[in-house]
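Throughout the sequence shown, residue numbering follows mature numbering (1 follows the signal peptide of the UniProt record, and there is no 0), covering -17 to -1, 1 to 69 in sequence.
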Amino acid sequence: MAANASLLFGIILGVKAADALMWDAKKYEMMKEQIEIDYWKKYGEPTEIDGTLQKSAAREGEFYVTYLRDKRETPENRLDTVYKLH
């Protein structure tokens, strides 16, 4: 029983440690940006809400139009607004 608990604890701890070591916030932001750009290219940009300019994580010194982020709204409210309209 103790060996099983020790093995389980070691696996969980190892996975969490690997996740912490491999995490890259810049790559995560780049991925989110590319997914959003690809989504709006595929399905069309919304006409009911205005987009805002967001600094690009993938390309230095460039901006892109985002419909999911707005400085006036919380991210959760903005997502609800965008997806309720589509």
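Even for Gly, the Cβ is constructed at its ideal location relative to N, Cα and C.
Please read all numbers here as calculations on a predicted model, not as lab measurements.
Can you grab the Cα-Cα spacing for the pair residue i / residue j, in whole Å?
{"i": "glutamate 43", "j": "alanine 3", "result": "26 Å"}
{"i": "leucine 36", "j": "tyrosine 50", "result": "9 Å"}
{"i": "leucine -11", "j": "glutamate 19", "result": "40 Å"}
{"i": "glutamate 31", "j": "alanine -16", "result": "59 Å"}
{"i": "lysine 10", "j": "alanine -13", "result": "35 Å"}
{"i": "leucine 62", "j": "alanine 1", "result": "31 Å"}
{"i": "glycine 27", "j": "aspartate 21", "result": "10 Å"}
{"i": "valine -3", "j": "tryptophan 6", "result": "12 Å"}
Shortest alpha-carbon distance to residue i belongs to which of the options?
{"i": "glycine 34", "options": "Ile(-7), Arg52, Asn(-14) and Asn60", "result": "Arg52"}
{"i": "glutamate 12", "options": "Tyr47, Ala(-1), Ala(-15) and Ala40", "result": "Ala40"}
Could you spell out where the alpha helix (DSSP H) holding residue i opens and where it closes?
{"i": "tyrosine 50", "result": "Run containing tyrosine 50: none; DSSP gives neither H nor E here."}
{"i": "residue 72", "result": "What is shown of the chain runs -17 to 69, which leaves residue 72 out entirely."}
{"i": "methionine 5", "result": "-16 to 5"}
Ordered along the chain, which non-local residues of its own chain (more than five positions away) have a Cβ less than 7 Å from that of residue i?
{"i": "phenylalanine 46", "result": "Leu36, Gln37, Lys38 and Ser39"}
{"i": "glutamine 17", "result": "Ala41"}
Starting from the C-beta of residue i, find all residues in its chain whose C-beta is less than 6 Å away, skip the five residues before and the five after it, and write them out in chain order.
{"i": "tyrosine 48", "result": "This sequence places valine at residue 48; tyrosine is not what is there. Excluding sequence neighbours, valine 48 sits near Gly34."}
{"i": "lysine 25", "result": "none"}
Could you give the residue range of the beta strand (DSSP E) that holds residue i?
{"i": "threonine 35", "result": "35 to 38"}
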